[in-house]
Amino acid sequence: MKNIQMVDLQSQYLKIRTDVNAGIQDVIDTTSFIKGSKVTDFQHDLEKYLNVKHVIPVGNGTDALQIALMALGLKPGDEVITPTFTFIATAEVVALLGLTPVVVDVDFDTFNISLESLKKAITPKTKAIVPVHLFGQNANMEGILALAKEYNLYVVEDACQSIGSEYTFSDGKKVQSGCMGDIGCTSFFPSKNLGCFGDGGAIFTNDDALAAKMRAISNHGMVVRYYHDIVGVNSRLDSIQAAVLVVKLKHLNEYSAQRQTAAAYYGAAFAKNEKLIVPAQTQNSTHVFHQYTLKLVDVDRAELIKYLAEKGIPAMVYYPVPLHLQKAYQDDRYNAGAFPVAEKLSECVFSLPMHTELTDEQLEYITSNVLAFVNK
Ligand SMILES: *Cc1c(COP(=O)(O)O)cnc(C)c1O
């Protein structure tokens, strides 16, 4: 049996090696490393895939979030609401821009922003909500968009973990993750569901004016060369990364299906065990399993991780500390106990290897070892 990894990028690469290498060689042969034709090709392919009007390729997912917030013209003191149980980037950009991050609790079942908690956090200073589609399943966007409409707020989706996941509204309309709010952001970090071979990211929007502004911001605030109308940043997806993504986007649906197959294997093995709570499947959203995250009930997590490591099975904790308890984000408004669900999750979550290359043999080995420990 092949070594088990949290993410097996090498086996995935070997299957598409010829196409990827040819794409990269093309870029080298033409030496158009920045803003080359591969970037425009990828942009158009992704617009078609997502059925969205504008894709703006940028340097990484964090920049995507930052540029999105810059484009909204928010002022210092304006409040931006994010869930406290997420990757740090979501709140980082809010803080960097001098805006006020307001964090809220999440739902125990879905790990995603709690609508109730969100509603309570809205004040006259609130300008935007940044929901995160954590682990690959969309947040309750119907509820979030309704609140945003009622209070006149922008919605910037953090779709860094959820590309390819689809949301169905109650009227039957289906929309891709990241394409429901005013702006959506994603990351092509190598281990993401659609990963390149370095850093990369993209912004999605159906709004022409916002698209033009974000395109300018990502390129030094420049529309006409060397004329700078707004303050921008330098954040571009480079042509080599785009060449990789052109090839990998063609496989994204197959990659999502492979993750779902692995998740179904885990689910079948664990669903009836009282010590393990398997990921909830919501009615409105498909799940593309960026992570396969269990909740442990009366299981010593550190001991379980140690036990699995001895068997050659990696496991991770996403995320061990919620935002409001991070040193850099300490805030008198939020003490320990402020967000009980997120705090509880940070103590009991546990993620198993999840990628496109897991074999039945590996899955059988992983599940039987997890069960052996929890049933001890
Ligand atoms: C990965 C990730 C980001 C940041 O993306 P980078 O490309 O690493 O900058 C932001 N938010 C979430 C939820 C992520 O998982």
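Taken in order, the sequence shown gives residues 2 to 377; the numbers are from the numbering used here. The beta carbon of each residue, even a glycine, is placed where N, CA and C say it ideally should be. Predicted model, so just to flag it, every value in this text is computed and none were measured.
Taking Val248 as the centre and dropping the five residues before and after it, the same chain places the C-beta of Ile17, Asp20, Val21, Gly24 closer than 7 angstroms to its C-beta, in chain order. For His55, the enclosing beta strand (DSSP E) starts and ends at 55 to 59. Relative to Pro102, the option among Thr83, Arg237, Ser115 whose CA is nearest is Thr83. Between the segment 288 to 302 and the segment 128 to 140, the count of C-beta pairs closer than 8 angstroms reaches three or more; the two stretches touch. With respect to the 8 angstroms criterion, Val81 and Val131 are classified as neighbours on the basis of their beta carbons. Beyond the five residues adjoining it in sequence on each side, Ala264 comes within less than 6 angstroms, by CB distance, of Phe290, Tyr293 in the same chain, given in chain order. The C-alpha of Lys49 lies about 14 angstroms from the C-alpha of Ile204. By the neighbour-count definition (other C-beta atoms within 10 Å, threshold 16), Met181 is a buried residue. A Cβ-Cβ contact shorter than 8 angstroms links Met7 with Pro354. If you check the C-beta of Cys197 against ligand 1, you find no heavy atom less than 7 angstroms away. Look at Thr41: its beta carbon is at least 7 angstroms from all of the heavy atoms in ligand 1.
For Gly185, the enclosing beta strand (DSSP E) covers residues 184 to 188.
Here the C-alpha atom of Ala69 lies approximately 38 angstroms from the C-alpha atom of Ala303. Annotated three-state conformation of His291 is coil, per DSSP. Ala92 and Lys128 have their C-alpha atoms roughly 14 angstroms apart. Judged by their CB atoms, Phe340 and Asp106 are nearer to each other than the 8 angstroms cut-off. Taking Ala217 as the centre and dropping the five residues before and after it, the same chain places the C-beta of Met223, Val224, Asp230, Ile231, Gly233 closer than 8 angstroms to its C-beta, in chain order. Leaving aside the five residues that flank Leu195 on each side, the residues in its chain whose CB is nearer than 8 angstroms to its CB run, in chain order, Ile164, Gly165, Thr187, Phe189, Leu246, Lys249, Leu250, Leu253, Tyr256. Comparing alpha carbon positions, the residue from Leu51, Gln11, Glu167 closest to Gln284 is Glu167. Straight through space, the alpha carbons of Asp108 and Ser115 are spaced by roughly 5 angstroms. Between the alpha carbons of Val56 and Ala244 lies a distance of about 16 angstroms. DSSP, read as helix, strand or coil, puts Gln138 in strand. Between Ser12 and the set Leu364, Ser369, Thr360, Asn376, the nearest pair of CA atoms involves Thr360.
Secondary structure within the segment 35 to 104: the beta strand (DSSP E) runs of 3 or more consecutive residues, fully enclosed, are 55 to 59, 80 to 84 (chain order).
If you check the CB distance, Ile145 and Val156 come in under 8 angstroms. DSSP places His229 in the strand class (E or B) of the three-state scheme.
Counting C-beta pairs closer than 8 angstroms gives fewer than three between the segment 358 to 377 and the segment 110 to 124, which falls short of the contact rule.
Residue ranges of uninterrupted alpha helix (DSSP H) with 4 or more members, entirely inside the segment 249 to 289 and ordered along the chain, are 253 to 271. In this structure, Asp333 lies away from His325, with their beta-carbon atoms at least 8 angstroms apart. Looking at Ser192, Pro280, Ala72, the one whose alpha-carbon comes closest to that of Gln162 is Ser192.
Within the model, the alpha-carbon separation for Ala212 versus Ser178 is close to 18 angstroms. Here Phe34 is not near Asp200, since their CB atoms are 8 angstroms or more apart. Relative to the non-hydrogen atoms of ligand 1, the Cβ of Gln259 never comes closer than 7 angstroms to any of them.
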